[in-house]
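One structure is given here, and the rest of the page talks about it.
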Amino acid sequence: MSTQKNLEARTEAGSTIDAEQVADYLRRHPDFFDRQPQLLAQLELSHPSGTAVSLIERQVESLREQNRQYKHKLMELVQIGRDNDALHQNLHRLTVALMQARGLEAALQTLFDNLYGEFNADAVALAVQGLPRTVASEQVRLIHPGEPALGLFERALKQGQFLCGHLRPEQLDYLFGDRVTRVQSAALLPLGGAPAVGMLAIGNEDPNYYHPGMDTHFLRNLSDLIGCAFAPYLEAPDPA
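Residues in the sequence shown are numbered consecutively from 1, following full-length UniProt numbering.
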């Protein structure tokens with residue numbers, strides 16, 4: 001005897017069949033209504049508007065909603081792909097520009113121009129140990145081993161950790177100085193591995209532009225590029 005006949009026999013015998021058993025049967029026999037099309041006309045489901053709709057109408061609307069969700073998700077993935085492609089194109093252009101730069105000053109100007117122009121930076125700060133004093137500026141800070149303020153960046157400098165989101169006020173003041181009002185979120189990139197020889201901070205006026213949950217793969221590539229580009233210009237530390 002088939003499962004359907006067993007179910008019918010139990011019903012006629014007065015056996016109690018609960019909702020879960022019915023649902024389980026329909027899950028195991030998704031073609032049930034193909035074999036019993038007359039039942040579709042008798043089934044009605046309440047609609048949010050209060051009117052009754054047939055099971056088929058309800059299924060069609062459910063499929064339409066799923067389709068809308070899939071389409072929205074697909075568009076999100078397409079946009080993410082486009083954004084990632086744009087970032088990699090920008091990184092490639094920066095790489096070529098840094099290779100073509102003649103001298104430290106030109107390399108620094110190339111870096112800052114690209115970060116502001118191509119990477120949506122509203123404020124940039126480079127803090128590095130070993131650069132010549134002649135390049136010190138509002139955007140370039142020369143750091144020294146043992147400097148007390150470096151304790152604010154122990155995770156970045158000693159452990160090579162990337163920080164994204166809202167930096168502490170004292171960290172922002174050290175990095176950006178008078179430009180700190182432009183920075184609502186920031187990315188802090190250690191340069192030169194761990195321990196790092198310096199760090200690059202990129203600030204944005206959007207408080208959500210950089211956040212702790214973001215993917216740091218691109219930032220790590222940028223960090224590697226900058227570390228390699230400026231390594232030839234670093235002076236050897238003074239002997240102790």
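Yeah, the Cβ is synthetic: ideal placement off N, Cα and C, and Gly gets one too.
Bounding residues of the beta strand (DSSP E) (the contiguous stretch that carries residue 204):
As a first step, residue 204 must be located in the sequence shown, where it is residue number 204. Unbroken beta strand (DSSP E) run through residue 204: 198-204.
Can you find a CB in chain C that lies within less than 8 angstroms of the CB of residue 176?
As a matter of chain content, chain C is missing from the structure shown, which is built from one protein chain.
Which whole-angstrom value is the C-beta distance of residue 204 and residue 90, which I expect to be below 8 angstroms?
The residue you call residue 204 lines up with position 204 of the sequence shown. The residue you call residue 90 lines up with position 90 of the sequence shown. The beta-carbon separation of residue 204 and residue 90, rounded to 15 angstroms, does not stay under the 8 angstroms limit for a contact.
Going along the chain, which residues of its own chain have a beta-carbon closer than 7 angstroms to the beta-carbon of residue 234, five neighbours each way excluded?
Within the sequence shown, the letter at position 234 stands for residue 234. 130, 131, 197, listed in sequence order.
Let me confirm a value: residue 32 is counted as buried when at least 16 other C-beta atoms fall within 10 Å, else exposed. Which label applies?
In the sequence shown, counting from the first residue as 1, residue 32 sits at position 32. Exposed: under 16 other Cβ atoms inside 10 Å.
Reducing DSSP to helix, strand and coil, say where residue 141 ends up.
Residue numbering aside, residue 141 sits at position 141 when the sequence shown is read from its first letter. The answer is strand: DSSP assigns residue 141 an E or B state.
Could you work out which residue in 186, 213, 57 is closest to residue 246 when comparing CA atoms only?
The requested residue 246 is not part of the displayed model; the chain covers only 1 to 240.
One question on the structure: do residue 123 and residue 183 come within less than 8 angstroms of each other, judged by their Cβ atoms?
In the sequence shown, residue 123 corresponds to position 123, counting from 1. In the sequence shown, residue 183 corresponds to position 183, counting from 1. In this structure, residue 123 lies near residue 183, with their beta-carbon atoms less than 8 angstroms apart.
Check whether residue 230 and residue 125 have beta carbons under 8 angstroms apart:
Within the sequence shown, numbered from 1, the residue matching residue 230 stands at position 230. Within the sequence shown, numbered from 1, the residue matching residue 125 stands at position 125. Not closer than 8 angstroms, so no.
Buried versus exposed, by CB contacts within 10 Å (16 or more), residue 232:
Translated into positions along the sequence shown, residue 232 becomes position 232. Residue 232 should be labelled exposed.
Residue 143 and residue 152: beta carbons closer than 8 angstroms?
Here the question's residue 143 lines up with position 143 in the sequence shown. Here the question's residue 152 lines up with position 152 in the sequence shown. Contact: no.
With distances taken from CA atoms, which of 228, 215, 227 is nearest residue 87?
By 1-based counting over the sequence shown, the position of residue 87 is 87. Residue 215 is the option with its Cα nearest to residue 87.
Along the alpha helix (DSSP H) that carries residue 117, what are the first and last residues, could you check?
Start at 1 with the first residue of the sequence shown, and residue 117 comes out as number 117. For residue 117, the enclosing alpha helix (DSSP H) stretches over residues 104-118.
Please report how far the alpha carbon of residue 63 lies from the alpha carbon of residue 70, in whole angstroms.
Counting from 1 along the sequence shown, the entry for residue 63 is found at position 63. Counting from 1 along the sequence shown, the entry for residue 70 is found at position 70. Residue 63 and residue 70 have their C-alpha atoms spaced approximately 10 angstroms apart.
Could you check the C-alpha separation between residue 243 and residue 217 for me, to the nearest Å?
Absent from the model: residue 243. The displayed extent of the chain is 1 to 240, so no value can be given.
Whole-angstrom distance between residue 169 and residue 189, CA atom to CA atom:
Here residue 189 refers to the residue found at position 189 of the sequence shown. Here residue 169 refers to the residue found at position 169 of the sequence shown. Rounded to the nearest angstrom, the two C-alpha atoms are 17 angstroms apart.
Compute the beta-carbon to beta-carbon distance between residue 212 and residue 160, rounded to the nearest angstrom, for a pair I have assumed lies under 8 angstroms.
Residue numbering aside, residue 212 sits at position 212 when the sequence shown is read from its first letter. Residue numbering aside, residue 160 sits at position 160 when the sequence shown is read from its first letter. Incorrect: roughly 17 angstroms between the Cβ atoms, too far for contact.
If you measure between the beta carbons of residue 146 and residue 191, is that distance less than 8 angstroms?
Along the sequence shown, one-based indexing puts residue 146 at 146. Along the sequence shown, one-based indexing puts residue 191 at 191. With contacts defined as CB atoms closer than 8 angstroms, residue 146 and residue 191 fail to qualify as a contacting pair.
Helix, strand or coil for residue 124 per DSSP?
Sequence index remark: in the sequence shown, residue 124 carries index 124 (1-based). Taken through DSSP and simplified to helix, strand or coil, residue 124 comes out as strand.
Quick one: Cα of residue 68 to Cα of residue 76, how far?
What you label residue 68 is simply residue 68 of the sequence shown in a count that begins at 1. What you label residue 76 is simply residue 76 of the sequence shown in a count that begins at 1. Across the structure, residue 68 and residue 76 are spaced so that their CA atoms are roughly 12 angstroms apart.
Could you check where the alpha helix (DSSP H) with residue 23 kicks off and where it finishes?
One-based indexing of the sequence shown puts residue 23 at position 23. Unbroken alpha helix (DSSP H) run through residue 23: 19-28.
Proximal residues to residue 255 (C-beta, below 7 angstroms), its chain only, five neighbours per side dropped
Absent from the structure is residue 255, since the part of the chain shown begins at 1 and ends at 240.
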